[in-house]
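Here's the structure, in C-alpha cells; my notes come after.
Numbering (the working numbering), first residue to last: 37 to 749.
The structure is reproduced here in C-alpha cells:
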C-alpha cells in the first residue's frame, strides 16, 4: 500500500459554528473604538459643561475653600461743637474673630444649608479656647461655644485693648485673626451726652444726634477678600477690597461746649439747693434759632454705658443680686438718657401770659398803660366753675404790672377780649401744638385743643397757661419771637456737614417758620418785660455789670390723679439778653422743687448764674464765630509702629502728653489702658496739650481717668 501526502492547503473550517478569528477581531475593534470615541465625547461634553456653564459656581466653591470675606466697617464721622471742639470721635482698635471652619476637618463648602460641616475637632478647639479664655476674661466654655459655631465668621471679642492684642498675636493660633475697627469715644465724657447720644458695639447710633444722623455719620461698610496660606491662616491685605468702605460724614453742631458746661454746672447747683426731681435748661440764639446748649439731669457718661461686671455676660449667668443691680442700673440709665427739653410736656403756667398779652396788643384789644381791675385776687367769672385766683390780692393793675406781678386774673381778662378762633390761630403760629421742626428722636408736639371743643373755662385758663401742654423747647422758641422782631425760627442743632476729607457738603441756614407778630409789638413786649427783672417776680434773675435782660417767671401746679396739687409744681424762668438785640434766650426748668417755691425763687437765680457765666465767657472768647476746621480725621492717622501716638508708650504707666495734638494724646491714653478726659478753658481753642493729670510715668490702673488740659500753645 502506498502513502500520499497532501501538498495543498485545505480550506478552513468553522469549529462548532464559531466565527473566524479575523472576523471577530475586526468587529471587536470597531466596538472598542466606538466606545472610546463615545466616552471621549462624554468627557469633552462634561469638560465643556464644567468650564462653561458651571465655571462660576465651582470657582466660587474654590474661593470659599481658600478665601474668607471679612466685613470692613467704615470710620464713623466726628461730632464737633460750633468752635470745632471734639465731642465724639472714633479711635482705631482691633477686634478678635475666628473662622470656625478650621475646627471642622470634614467641612465642605456651599451656600447656606448646602454647607456640610461634619464633626468638629473638639480637642483642637478646646486647646485654643483654653489659651484665649484668660486673656479675654471669659470662661473656656464661652470661647469654645463661639469657636464651634457653624459660621464662617464669629467675633470672639470686640474692641480689644492693645495689651491683649499683643498677647494673642504672640500665640500664633490658627483660625484666630484680628480685624481693624473703630470705637466711639466721647472726649468730654457726660458733657451734652443726651444731645450727642451714643452708639452700640456695632457703631449704630442709639440716642440723640448719633441716632438722628446715623445714616450720615455711619458711612458705607466695605468687604475685604482674605486669602488663606497653606496652613489655613488668613492673609488680610488692605488692597484686596471687594467693596471699598466709605467713611462717615463729620457734623458741626450749633452747640457751644463752653456754654454747655456753664449750663450743666448751674443745673447741678440747682439740684443741690432745690432738690427737684429733675432740672433742665436750653440756650438758643433768638436771631438764628441755633441751640447753643441743652442739658438735663440726671445725665450719664456715654463712654461707660454699663459697669464692666455686666459686659459680655448673659442675664442667665448673673446671680439674683446681680440681676436686681442690673435692673436698677438700666432704670437709672433710662432716666438719664431722657432729653427733657424736647420730650417732656407740661402746662406752662405764668409763662404763657406774655403770649396772651402780645396777641391782645397785636390785635389792639389792649394798650400799654391800660388799667385792669384784678378784683382783689379772686374772680368768680362763672358760678359753674372754680374761681380764678392770684397769689396776691391785687386791685387795679396796669397792662405792664399784670405781667410784672404775674396776675392770673389780669391775663384772663386780656385773653377773653380775643375772638377764640383768632386766639387759637395765634397760638398755633407761635408753634404750640406742632413739632418744632428739630426732628429730634422722641420729640413731643404738645397738645392744644381746637376752639370747637373749648368749654366755658378753656379760653380763660389758656390765657394764664393751663389747659394746654407744651415742651420747654416749644415755649422757648415762641419766646424768641418776642426777642427777634416777631419771627418764629426753626431750631437748629446741626450747622454744617462735611465729608471725611473735610469738604463742606451741606450748610443749614436759619429758617423763619412764620412772622407771628409785627416788629413793633415785639419791641413793645421787650420793653415791658424788662420790668419783670427790675420790679416784678424775676428780680433774682437780674444780671451783673448792668446788662439788661427781659423775661418771665413761670410756676405751674402739677396735675396729680386728676387734681392740681398746690405743693407740687414746675418752676421756670425764661429770659433773653442783651435786651436791645438779644443773642441768648434761656429757659430754666425745675420739676418738683422742694418746698413751696416759685419760678422767681428757684429758676430765676439759675438764669442769672447761666447768663453771668455766658457773659464772662464772651468777654474772654477771642473769636466766638470762628468756623471750625474739620479737615483732620482719623483716616489721617498713621498705623505704622512709628505713629507718634504709639512711640514710647508703656502699658500701665501714664504717658507724656505735653505738646501733642489732642487726637494723638487721646490715642496714647487709650493705648496704655486709661480713660482720657479733655478739659479746656472756656473760649480757648483746643489744638495742643498744655498739661495733664496724673503726671507722666505714674502707675496707671486700667480705666483710670487721665485729664488732658488742652488749648492753644
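Using N, Cα and C, we set each Cβ at its ideal position, and we do this for glycine too.
Bridge partners of residue 409 according to DSSP: 432. Of the other Cβ atoms in all chains shown, fewer than 16 fall within 10 Å of the Cβ of residue 177; this residue is therefore exposed. With a threshold of 16 other beta carbon atoms within 10 Å, residue 223 meets it and is buried. Contact between the stretch 245-264 and the stretch 496-505 is absent: fewer than 3 CB-CB pairs across the two stretches fall below 8 angstroms. Listed in chain order, the non-local C-beta contacts of residue 735 below 7 angstroms within the same chain comprise 688, 689, local neighbours out to five positions each way being set aside. The C-alpha of residue 221 is placed about 43 angstroms away from the C-alpha of residue 391. If you draw a straight line from the Cα of residue 202 to the Cα of residue 179, it is about 19 angstroms long.
For residue 694 against residue 615, the beta-carbon gap comes to about 45 angstroms, at or over 8 angstroms, which does not count as contact. Contact holds between the stretch 322-339 and the stretch 229-237, because three or more Cβ pairs, one in each stretch, are under 8 angstroms apart. Per DSSP, reduced to three states, the secondary structure at residue 66 is helical. Between residue 628 and residue 507, the gap from beta carbon to beta carbon reaches 8 angstroms or more. For the 8 angstroms CB-CB criterion, residue 620 and residue 612 form a contact. Residue 339 is positioned such that its CB atom lies no closer than 8 angstroms to that of residue 239. Going by beta carbons, residue 567 and residue 731 fall outside the 8 angstroms limit. Taking a cut-off of 8 angstroms for Cβ pairs, the stretch 520-535 and the stretch 633-642 do not touch, as fewer than three such pairs fall below it. For residue 254, the closest C-alpha among the options 218, 260, 261 is that of 218. In the DSSP assignment, residue 724 forms a beta bridge with 697, 747. Counted as a single uninterrupted DSSP element, the beta strand (DSSP E) harbouring residue 607 occupies residues 599-613.
In this structure, residue 317 lies away from residue 307, with their beta-carbon atoms at least 8 angstroms apart.
When DSSP states are grouped into helix, strand and coil, residue 327 belongs to the strand group.
Beta-bridge annotation (DSSP): residue 107 is paired with 259. Per the Cβ contact rule, the stretch 488-496 is not in contact with the stretch 295-309 (fewer than 3 Cβ pairs under 8 angstroms).
For residue 466, there is no enclosing alpha helix (DSSP H), since its DSSP letter is neither H nor E. The beta-carbon distance between residue 185 and residue 131, rounded to whole angstroms, is 16 angstroms. This is too long to meet the 8 angstroms contact definition.
Here residue 616 carries a coil assignment [DSSP, helix/strand/coil]. Per DSSP, the unbroken alpha helix (DSSP H) holding residue 398 starts and ends at 389-398.
In the three-state reduction of the DSSP assignment, residue 180 falls in the helix class, which pools H, G and I.
Nearest in C-alpha terms to residue 473, of all of 281, 426, 596, 378, is 378.
Contact between residue 402 and residue 453 is confirmed by a C-beta separation of about 7 angstroms, below the 8 angstroms threshold. Taking the Cα positions, residue 74 is about 15 angstroms away from residue 84. According to DSSP, residue 188 shares a beta bridge with no other residue. Contact between residue 281 and residue 110 holds, since their C-beta atoms are separated by about 4 angstroms, short of 8 angstroms. DSSP places residue 199 inside the alpha helix (DSSP H), whose first and last residues are 198-207. One Cα belongs to residue 118, the other to residue 554, and the distance between them is close to 31 angstroms. Collapsing the DSSP output to three states places residue 140 in coil. Around the Cβ of residue 564, a 10 Å sphere holds 16 or more other Cβ atoms; the residue is buried.
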